[in-house]
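Notes to accompany the following structure.
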Amino acid sequence: MSDPLLTVQNLSVGFRAKTGVVQAVTDVSFELRSGEVLAVVGESGSGKSVTALAMMRLHPKSAVITGHVQFDGQDLLALSEEEMRKVRGSDIAMIFQDPMTALNPVFTVGNQIVEAIRIHNDMSTEQAWTRAVELLDLVGVPEPKRRAAQYPHEYSGGMRQRAMIAMAISNDPKLLIADEPTTALDVTVQAQVMEVLHDVQQATGSAIMLITHDLGLVAGSADRVQVMYASRLFETGSIDEIFYESCNPYTRALLDSIPDLEGVKDELHPIPGNPPSLLNPPSGCPFRPRCPMAIDVCREEVPQLQPIANSHASRCHRAHELEPLTTGAAS
Amino acid sequence: MALDTSHDTAPDGPTSTAALLAAADDLEGLSEKPKSFGRLAWERFIHHKLALFGLFGLIFIALAFFVGPMFSEFDISTTDVLNRRAGPSRDHWFGTDEIGRDLFVRTARGGRYSMQIGLLTAVLSTVFGTIMGATAAYFGKAVDQIISQAMNLLLVVPALVVLAVFALKFGSTWWRLSLVLAALGWVRISRVVRGVVLSLKEQEFVMAARAAGASHFRIIFRHLLPNVIGVVAVEITLLLGATIVLESTLSFLGLGVKPPETSLGQLVADAKGSIDDDPIRVLTPGIMIVLIVLCVNFLGDGLRDALDPRSKVERG
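So the sequences go chain by chain: F and A. Basically our numbering = 1-based index in the first sequence + 41. Basically our numbering = 1-based index in the second sequence + 14.
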């Protein structure tokens, strides 16, 4: 296989706070190939969004970043701000969580797509406008010609997210980062937006990094899954490996907490306790205080990411002792 | 077409999402032809009765001030010694002062100066204040500290005293007076803009613009400032009014434009001695000040509504 499009090595992000350094991302390494869809899953504050922002160098100034982000032959963390600006929006594009505020309220949607195109391309406004209308059509905005001349407040939430996707793909990015693209939308619209993302991925062949806390969303759309907890990668593997052969108690707890529409489950299974403070993480494994399988060694040592199979790895001292899951609804 | 059938016949049949979305649009009444921003803003503006009143009022006053004196045989310094302290008449529409100068011509000239000073000051303060306020808020940290402290410094300084000193030293012509007024006036606009941008920059579209590769310069000028126009339009008119009043105050204190030139405030000051036996002499320039300021404020109100793309054209 060819070289990966994106290689993240030992990425760590800390935020200087008054009371110390908050470690938001700790030693994260992963790869992403062209055309691949990688889902990054985790609770709020697990570091998934910060990882993406740090990759694009859009983090707040108070952040301290170490590690390497190799993208398409260049180290993004070593680029100048000027060079980085050329990468953003053209090679790597991003879709944000809240389509309500991610579009500028005083410009028409078409205008904003035109701007996104013209930042990176030497194209006349008319040409760019034609392209904007085509893009809106591609993401399934009905009557794109008329819609392009409308303002964001005239769009519904789902339509705005489609417009955001159109804007993000306007320069044929090699990598599309979608930061919780459906969190602010209701369930039926979520499905439509995911479908659009899928179609777009098929059409453009770009890689997608899908950040979400919704495992249900992941199941239908991703090739590989990466589970993050308390700033660390906890498990990584193919979709089947994560959903059916998970070797990590945290992943299993997450899977168990998904409400089931058809099964006999009549109550939810939340994970007891709260995620640990990133300012004063507990000793040993950060999941230890909430883990049903914790043993003495978990208190003393932070577990390493242990290889399970080819592409499958889990951060747990007892990873190899875990029985393979049979089905999601077995319990 | 698909919409109609699914609607009437089969509530349990699969309804295409596209049709549903189209239906939703029709309900919102969005299917009319799109209009350009300028056209929409204009439509909103001409439906704003007070704003129209303000606009035509200003045009009328300006015309009267610029064209009116041409129909009079008098100049601002010609004295009609036979008609001193005269009331309004056919020759002297607003009467004359104690040395027989025509008060209409003087009011017109004074009004012109007041309007010029007000306009230039408002424009200068707005441009400078908006850029400073947006820069302070967008970059934050040290930049914000420096600009904000400079603004605070200018705010605690008693404006009238500074103005008096500077006006004495530099304020011999109307545009110099205007510069001095603007040097203090930008703070107000700057504070308002800073506040708005502080909240705007936290919105995701700023991050989205950065993620699309936009530079700081582009974000401030293309994304943030257009969002501020509505607020600034109001501030600029308030400032214009305040400047005319402040200039009048300065002139009243004898620190404004120098004789033989005059301004509305100067005219009020000239007339203050005769307020008992000739109140109209004080009232005419005073009413002019009030009218100009009122019209400008109405205009600003209308502009704010017109420039906000979220506001709808008033129905009926």
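All C-beta atoms, glycine included, are put in the ideal place defined by N, C-alpha and C.
- In the three-state scheme derived from DSSP, where H, G and I count as helix and E and B as strand, Ala100/A is classed as coil.
- Boundaries of the beta strand (DSSP E) harbouring Leu52/F: 47-58, taken from the DSSP string.
- When the beta-carbon positions are compared, Ile258/A and Trp189/A stay at least 9 Å from each other.
- Closer than 8 Å at the C-beta level to chain F, one finds no residue of the segment 103-137 of chain A.
- In the same chain as Ile299/F, and ignoring 5 residues on each side of it, the C-beta atoms closer than 7 Å to its own belong to Leu256, Gly257, in chain order.
- Counted as a single uninterrupted DSSP element, the alpha helix (DSSP H) harbouring Phe74/A occupies residues 63-81.
- In this structure, the alpha-carbon of Ala104/F lies about 17 Å from that of Ser318/F.
- With fewer than 16 other Cβ atoms inside 10 Å of its own Cβ, His361/F counts as exposed.
- Gln242/F and Ala219/F have their C-alpha atoms spaced approximately 12 Å apart.
- Spatial neighbours of Ile106/F in its own chain (CB-CB distance under 6 Å, excluding positions within 5 residues in sequence) are listed in chain order as Val54, Ala95.
- Our two residues, Asp158/A and Thr149/A, have alpha carbons roughly 8 Å apart in a direct line.
- At a Cβ-Cβ threshold of 9 Å, Val82/F and Val230/F do not count as neighbours.
- For chain F, the residues of the segment 223-239 of chain A that bring a beta carbon within less than 8 Å of one of its beta carbons are Ala223, Arg224, Ala225, Ala226, Gly227, Ala228, Ser229, Arg232, Arg236, His237, in chain order.
- DSSP places Ser70/F inside the beta strand (DSSP E), whose first and last residues are 61-73.
- Boundaries cannot be given for Arg98/F, as no alpha helix (DSSP H) includes it and DSSP labels it neither H nor E.
- In terms of Cβ geometry, Thr276/A and Arg120/A form a close pair [threshold 9 Å].
- For the set Ala65/A, Gly52/A, Phe59/A, Arg53/A, the Cα lying nearest the Cα of Val310/A is the one of Ala65/A.
- Under the criterion of beta carbons closer than 8 Å, Lys215/A and Leu238/A qualify as touching, at roughly 7 Å.
- Gly114/A is a Cβ neighbour of Ala100/A, given a cutoff of 9 Å.
- Just so you know, the alpha carbons of Ile145/A and Ala225/F end up roughly 34 Å apart.
- Going by DSSP, Met269/F is part of no alpha helix (DSSP H) but of the beta strand (DSSP E) stretching over 265-270.
- Under DSSP, Pro240/A shares a beta bridge with no residue.
- Bounds of the alpha helix (DSSP H) holding His161/F are 150-161.
- Only residues of its own chain outside the window of five on either side were considered, and among them His254, Tyr270, Pro316 have a CB closer than 8 Å to the CB of Glu84/F, listed in chain order.
- With 16 or more other Cβ atoms inside 10 Å of its own Cβ, Pro214/F counts as buried.
- Collapsing the DSSP output to three states places Leu319/F in coil.
- Going by DSSP, His239/F is part of the alpha helix (DSSP H) stretching over 228-245.
- In its chain, beyond the 5 residues on either side, Arg98 have a beta carbon closer than 6 Å to the beta carbon of Met125/F.
- In this structure, Gln202/F is the residue among Val266/F, Ser211/F, Asn212/F, Gln202/F with its C-alpha nearest to the C-alpha of Glu236/F.
- The continuous stretches of alpha helix (DSSP H) do not include Leu120/F, and DSSP gives it neither H nor E.
- Identification of chain A residues near Pro322/F by a Cβ-Cβ cut-off of 9 Å yields none; the smallest Cβ-Cβ distance measures about 28 Å.
- Just so you know, the alpha carbons of Phe118/A and Trp107/A end up roughly 6 Å apart.
- The residue from Asp111/A, Leu72/A, Leu77/A, Ile75/A with its alpha-carbon nearest to that of Ser91/A is Asp111/A.
- At a cut-off of 9 Å between C-beta atoms, His254/F does not count as an interface residue with respect to chain A.
- With the rule of 3 Cβ pairs closer than 8 Å, the segment 328-339 of chain F does not count as touching the segment 259-266 of chain F.
- When DSSP states are grouped into helix, strand and coil, Ser128/A belongs to the helix group.
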